[in-house]
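Numbering (this note's numbering), first residue to last: 310 to 637. A virtual CB, placed ideally from N, CA and C, is assigned to each residue, including glycine. All of these numbers come straight from a predicted model, not from anything done at the bench. To start, the structure itself, in structure tokens.
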């Protein structure tokens, strides 16, 4: 008899591979050689079988909420639509109705993973990734880089560009030492500085760069911004904002163990809190999504913060397996 490997012992790399197979089998144009490849992968060892069983069980928990995620999470919906563009329909017959239904939402889970349960494809090339709630400091090119929760980076050196990192997702603070230039690539933007302190946040295709001390240059296809102390700019794939000033109390709040909000829409507040806890928060009440929130919460007490927000806005709360927290 073959002994099954406990789910907790399934290697992360195998689970990542299993999600790739799940997506391929349920959302594309499967070729005979691909199906044979999956069979060989699945039969390679009990660990491979346990990994695939694990991801199917996880998806069984997430599937009921996938449609709601598409409805309420605009970045997930956009990425899902792009993911579906150009796909042939031939595999629908191969999968049958149940497989086709799963395909409609499986792409959301793979390309835009809920709750950080597994890294998104954009983050698979990371050299370093912090876990949920983890904060880590490291030295890169004689500079101190502090990574916030759920942050993925790739170090760069030896090419024609200055030393630095690619910020694939998340948030990081940079305390530069020495006179050598340092560059942070996040999406289409490049942030360059020498002997400065600054922070870069890059989530769902949107970046925010804040200068704490010194000066920072942000280059974007749509323009260049030169930031000085307590100045900030934001950009996405298409444009870069004008420079704005920030309150000193809000700068580096996460490094002090706080989250600070100033007239921030409730949906954005919940998305920020979501990054520091396992699972996912889903807001199902559209009437309060844009309600402003002003205040600060301790990162160590975010469950208390959720309770406060629930009562403040008169919401009903429901907890589901896998750390899913529904507010309606």
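For residue 439, the secondary structure class from DSSP, reduced to helix, strand or coil, is coil.
Counting the other CB atoms within 10 Å of its CB gives residue 535 a total below 16, which places it among the exposed residues. With a threshold of 16 other beta carbon atoms within 10 Å, residue 461 meets it and is buried. Contact between residue 455 and residue 481 holds: CB atoms are separated by about 6 Å, below the 8 Å threshold. The Cβ atoms of residue 543 and residue 516 sit closer than 8 Å to each other. The alpha-carbon of residue 627 is positioned some 44 Å away from that of residue 341. Taking residue 566 as the centre and dropping the five residues before and after it, the same chain places the C-beta of 607, 608, 609 closer than 8 Å to its C-beta, in chain order. In the same chain as residue 452, and ignoring 5 residues on each side of it, the C-beta atoms closer than 8 Å to its own belong to 483, 484, 485, 486, 487, 491, in chain order. Around the beta carbon of residue 586, a 10 Å sphere encloses 16 or more other beta carbons of the protein chains shown; the residue is thus reported as buried.
One thing to note: residue 522 has its Cβ within 8 Å of the Cβ of residue 506. It is roughly 33 Å from the alpha-carbon of residue 519 to the alpha-carbon of residue 620.
Taken through DSSP and simplified to helix, strand or coil, residue 574 comes out as strand. Within a 10 Å sphere around the beta-carbon of residue 537 sit fewer than 16 other beta-carbons, which makes this residue exposed. When DSSP states are grouped into helix, strand and coil, residue 347 belongs to the helix group. Residue 604 carries a strand assignment under DSSP once its states are collapsed to helix, strand and coil. By the C-beta density criterion, residue 458 is buried, having at least 16 other C-beta atoms within 10 angstroms. Taking the CA atoms as reference points, residue 618 sits about 33 Å from residue 437. In this structure, residue 532 lies near residue 549, with their beta-carbon atoms less than 8 Å apart. Residue pairing from DSSP places residue 492 in a beta bridge opposite 473, 501.
Partner residues in the beta bridge of residue 446, as assigned by DSSP, are 455. CA-CA distance, residue 594 to residue 471, rounds to 46 Å.
The bridge partners DSSP lists for residue 629 are 633.
Judged by DSSP in its simplified three-state form, residue 590 adopts strand. At a Cβ-Cβ threshold of 8 Å, residue 633 and residue 598 do not count as neighbours. The beta-carbon separation of residue 601 and residue 573, rounded to 7 Å, stays under the 8 Å limit for a contact. In the three-state DSSP reduction, residue 506 falls in the strand class (E or B).
Beyond the five residues adjoining it in sequence on each side, residue 614 comes within less than 7 Å, by CB distance, of 582, 606 in the same chain, given in chain order. In the structure shown, residue 552 adopts coil according to DSSP, grouped into three states.
If you draw a 10 Å sphere on the C-beta of residue 584, you find 16 or more other C-beta atoms in it, and that means buried. Distance from the CA of residue 571 to the CA of residue 513, rounded to the nearest whole angstrom, comes to 21 Å.
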